[in-house]
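Data first, discussion second: the structure below is written as structure tokens.
There are 2 protein chains.
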Amino acid sequence: MAISVKAPHRDDTLEQQLDQLHAELEEASGRFLGYPCNLAFDYEPLYRFLRFCLNNIGDPLGGSNFQVNTRAIERKVLQFFAELLHLPWPQAWGYVTSGGTEGNTYGLFLARELHPNGILYFSQDSHYSILKTAKLLNLRNIMIRSLPNGEIDYQDLEASISVKREHPVILCANIGTTMKGAIDDLGRIQQTFERLAIHDFYIHCDAALSGMILPFVDNPPLFDFGAPINSIAISGHKMIGAPLPCGVVLARRALVKQIERSIEYVGIMDTTLSGSRSGFTPLVLWYAIRTHGRQGWRRSIQKVLQTTEAVLARLQEIGWPAWRNPHSNTIVIRRPSDELVRRWQLAVKGDIAHLIVMPHTPMERVEQFLEELRREAQTL
Amino acid sequence: MAISVKAPHRDDTLEQQLDQLHAELEEASGRFLGYPCNLAFDYEPLYRFLRFCLNNIGDPLGGSNFQVNTRAIERKVLQFFAELLHLPWPQAWGYVTSGGTEGNTYGLFLARELHPNGILYFSQDSHYSILKTAKLLNLRNIMIRSLPNGEIDYQDLEASISVKREHPVILCANIGTTMKGAIDDLGRIQQTFERLAIHDFYIHCDAALSGMILPFVDNPPLFDFGAPINSIAISGHKMIGAPLPCGVVLARRALVKQIERSIEYVGIMDTTLSGSRSGFTPLVLWYAIRTHGRQGWRRSIQKVLQTTEAVLARLQEIGWPAWRNPHSNTIVIRRPSDELVRRWQLAVKGDIAHLIVMPHTPMERVEQFLEELRREAQTL
Chain A
-18 MAISVKAPHR DDTLEQQLDQ LHAELEEASG RFLGYPCNLA FDYEPLYRFL
32 RFCLNNIGDP LGGSNFQVNT RAIERKVLQF FAELLHLPWP QAWGYVTSGG
82 TEGNTYGLFL ARELHPNGIL YFSQDSHYSI LKTAKLLNLR NIMIRSLPNG
132 EIDYQDLEAS ISVKREHPVI LCANIGTTMK GAIDDLGRIQ QTFERLAIHD
182 FYIHCDAALS GMILPFVDNP PLFDFGAPIN SIAISGHKMI GAPLPCGVVL
232 ARRALVKQIE RSIEYVGIMD TTLSGSRSGF TPLVLWYAIR THGRQGWRRS
282 IQKVLQTTEA VLARLQEIGW PAWRNPHSNT IVIRRPSDEL VRRWQLAVKG
332 DIAHLIVMPH TPMERVEQFL EELRREAQTL
Chain B
-18 MAISVKAPHR DDTLEQQLDQ LHAELEEASG RFLGYPCNLA FDYEPLYRFL
32 RFCLNNIGDP LGGSNFQVNT RAIERKVLQF FAELLHLPWP QAWGYVTSGG
82 TEGNTYGLFL ARELHPNGIL YFSQDSHYSI LKTAKLLNLR NIMIRSLPNG
132 EIDYQDLEAS ISVKREHPVI LCANIGTTMK GAIDDLGRIQ QTFERLAIHD
182 FYIHCDAALS GMILPFVDNP PLFDFGAPIN SIAISGHKMI GAPLPCGVVL
232 ARRALVKQIE RSIEYVGIMD TTLSGSRSGF TPLVLWYAIR THGRQGWRRS
282 IQKVLQTTEA VLARLQEIGW PAWRNPHSNT IVIRRPSDEL VRRWQLAVKG
332 DIAHLIVMPH TPMERVEQFL EELRREAQTL
């Protein structure tokens, strides 16, 4: 049924303001080498769905009285990721989140409910939102040193756990750190647990960016449900690309069922963290999955990693210190001048910065950046 | 700079699936009498911004290295609401959230940080997400009985607080309950605090729907920063109308500054709960505010309340038990058959259901519903 909408009165100032904002954003989107947002998308065929108030409120695997939703599509998205991450669909639970932070918060919430006496361990290279979430959840936590490449320091982890062996271990593993793209080694972490006879543990993986890279590389490290992990969060607006922040969180269904009982007891049937949830973002993710296909994603990601390698070689050519972790599209470089950082929107931390190569990354812009860097290298 | 995008290969099945989904959603959107989502919107002039990956990450009042954002617009939205709610802008802090739940979670998080030893009180007519949030935050809480009209039972509140006077009081007030549109009386609540000499308290208002109604009615009850409240959450996809869930949370800036210190100490400059935040939804809210203007909203909301009164009169005519709270567009009715509940997407709770009149509500559909109800009334 068509809803009649009164046309807003003509407002030239408003239109001018929108035009100006659009021009500014277009300009800023072209100088965009430091953030992992894939801009190679075109969701125009979905715009007509913005006439609705789509709302996927509640558990995507449950029922809903609110019919203007895309929950069937959301389940297809979840199923795609479950299969990608070696979690058989009947054993999977999850939902499309408003972004990586919500996914990590859900995973750590589930961990805390299962292990109220647990301590959270995470490396100092974790995204700052992990500490923010620990604070939100009132979760006792210990920050572990990192190795120079950004991985968790396994010795510090073992030493820290060994003096708190009476507490269950909640480990938040980085599957691609924000600054260095480092992947915590789940095999070594498991060996640590075995040496200390830790049986009560929960592993959540923050795989914001690399969760959509590793399924498409040859010989990936252990990072998904093939290992004894319990939950994982992946961003939707990063490697997939979306105009709105979104993500996917997946967990083992049996664990969610375990805490569901206590939630239902108090009359809440909703196991997601948000209430009203966007029905548009699942549509976006599904469209991206459908139009690329698994093979399309493989090609796209292989190309990204080849380009990363080529850019790294060029950096070495011009003599600017640069390196990367295996399977990562993040190139860590020595921090350039503030002017370059600002102009190219580089993320920085202390004396390092990083470039991130994405499917849309315009090579002529990279060349322009490299040229500016080359000039800066000469003046050092 | 234009980003080149490879056109996805033509996929007829995909297009057919989208067409079918669109048709289903259009049909469901027409039978939509039980949820408070204003569908009278047209944001087509904003669709072109969906080519960008807009991200308002971090505090909207702070700076950001990520330039593809609409933070300046977001501040205008916040300023509009601050003025509407009698909070001088220099004393205001807030952000555009992913929905009502995030706003309520922020408010209660702030309360818990300020009063770690506090107890949360809320009525049994509160939205289920309040209890979910209390669980998330590990916040000690006591559920208070409600009066038949949906307001908190002030006697039960006083009795409950009086036996826990050593704890600060965190009160989550309903400014329009979900099922009955009831407004907790802040004046009576304050008197309770005075009688019990409670000086350490925090009042958060869940004003999801009515927060955008009461500023536009004559002689509204006390509900905003004119009273000693500390924070308030209002939904954006409800009375304003939006294709994506969103909302606004506002708090007194001095309180946020107080907890910011402890957050900055651990190296987190981000005082919002999410990390990456949508830059599109602030644009939507700003566009709605700009095209309507305050006077436009007043007219729209006055008309909604007049229509509500007219529908209530028609219900009484056909002899179906129905009533409403003052200033509310929610009509509480005796629960009809499951068939009607499903067909008209009514929200139900026990033996009641409700209709919600919104700016878009198509009167011919309401008449159709009333006719079906009339027939049901005769068979009782």
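Protein sequence lines correspond, in order, to chains A and B. When you line the first sequence up against our numbering, it's residues -18 to 361, in that order. When you line the second sequence up against our numbering, it's residues -18 to 361, in that order. Don't be surprised by glycine CBs; every beta carbon is placed ideally from N, CA and C.
- Only residues of its own chain outside the window of five on either side were considered, and among them N130, G131, E132 and N306 have a CB closer than 6 Å to the CB of A163/B, listed in chain order.
- When 7 Å is used as the limit between beta carbons, P226/B is near these residues of chain A: N36, S257, R258 and S259, in chain order.
- Within the same chain, Cβ atoms closer than 8 Å to the Cβ of L42/B are found at R56 and W74, the five residues on either side in sequence being excluded.
- Of the other Cβ atoms in all chains shown, fewer than 16 fall within 10 Å of the Cβ of S318/A; this residue is therefore exposed.
- For the stretch 32 to 57 of chain B, the beta-carbon criterion of a distance under 8 Å to any beta-carbon of chain A is satisfied by R32, F33, C34, L35, N36, N46, F47, Q48, V49, T51 and I54.
- Here the C-alpha atom of A115/A lies approximately 27 Å from the C-alpha atom of I210/B.
- Here I38/B has S45, F47, N50, D251, G256, S257 and R258 as same chain residues with Cβ atoms under 8 Å from its own Cβ, once five neighbours each way along the sequence are excluded.
- Using a Cβ-Cβ cut-off of 7 Å, T159/B is close to nothing in chain A; its nearest Cβ partner there is about 10 Å away.
- Membership of T78/B in the beta strand (DSSP E) is indicated by the continuous run A73 to T78.
- The alpha-carbon of E352/B is positioned some 37 Å away from that of P263/A.
- Neighbours of Y16/B across chain A, judged by C-beta separation under 7 Å: F47.
- Close partners of T173/B in chain A (Cβ separation under 8 Å) are lacking, with about 25 Å as the shortest Cβ gap.
- Put simply, of A140/A, I221/A and A291/A the residue whose alpha carbon is nearest the alpha carbon of Y24/A is I221/A.
- CA-CA distance, I333/A to L254/A, rounds to 35 Å.
- Distance from the CA of Q283/A to the CA of I151/B, rounded to the nearest whole angstrom, comes to 53 Å.
- Neighbours of E348/B in chain A, taken as residues at a C-beta separation under 7 Å, are lacking, since the least C-beta distance is about 14 Å.
- Taking C-beta atoms as the reference points, I100/B and R121/B count as a pair closer than 7 Å.
- Counting only the Cα atoms, I215/A lies some 5 Å from V229/A.
- Residue pairing from DSSP places D187/B in a beta bridge opposite N155/B and A214/B.
- Contacts between P26/A and chain B, judged by CB atoms closer than 8 Å, involve E(-4) and L(-1) in chain order.
- Beyond the five residues adjoining it in sequence on each side, R324/A comes within less than 7 Å, by CB distance, of R12 in the same chain, given in chain order.
- Spanning the alpha carbons of I299/B and A358/B requires a straight line of approximately 8 Å.
- Flagged as an interface residue toward chain A: N119/B, by a C-beta distance shorter than 7 Å.
- Distance check between D137/A and each of K113/A, S79/A, F103/A and W301/A places F103/A closest, using alpha-carbon atoms only.
- Taking 7 Å as the cut-off, the Cβ atoms of V285/A and P340/A count as close.
- Residues of the stretch 310 to 327 of chain A with a Cβ closer than 7 Å to any Cβ of chain B, in chain order: Q326.
- Each residue's CA atom was taken as its position, placing W304/B and V313/B some 5 Å apart.
- Residue contact check for G80/B against chain A: a CB pair falls below 7 Å.
- If you ignore the 5 residues before and after T158/B, its C-beta comes within less than 6 Å of the C-beta of D106 and G131, all in its own chain and listed in chain order.
- Spanning the alpha carbons of C34/A and P224/A requires a straight line of approximately 17 Å.
- Below 8 Å, enough C-beta pairs join the stretch 18 to 32 of chain B and the stretch -2 to 7 of chain A to call them touching: three or more.
- When the Cα atoms are used, T(-6)/A and L59/B turn out to be separated by approximately 20 Å.
- Counting only unbroken stretches of 4 or more residues, the alpha helix (DSSP H) elements lying wholly within the stretch 95 to 168 of chain B are 109 to 117 and 135 to 143, in sequence order.
- Counting the other Cβ atoms within 10 Å of the Cβ of V338/B gives 16 or more, which makes it buried.
- Given a length threshold of 3 residues, each whole run of the beta strand (DSSP E) inside the stretch 216 to 297 of chain B is given here in chain order: 228 to 233.
- If you check the CB distance, G260/A and L203/A do not come in under 7 Å.
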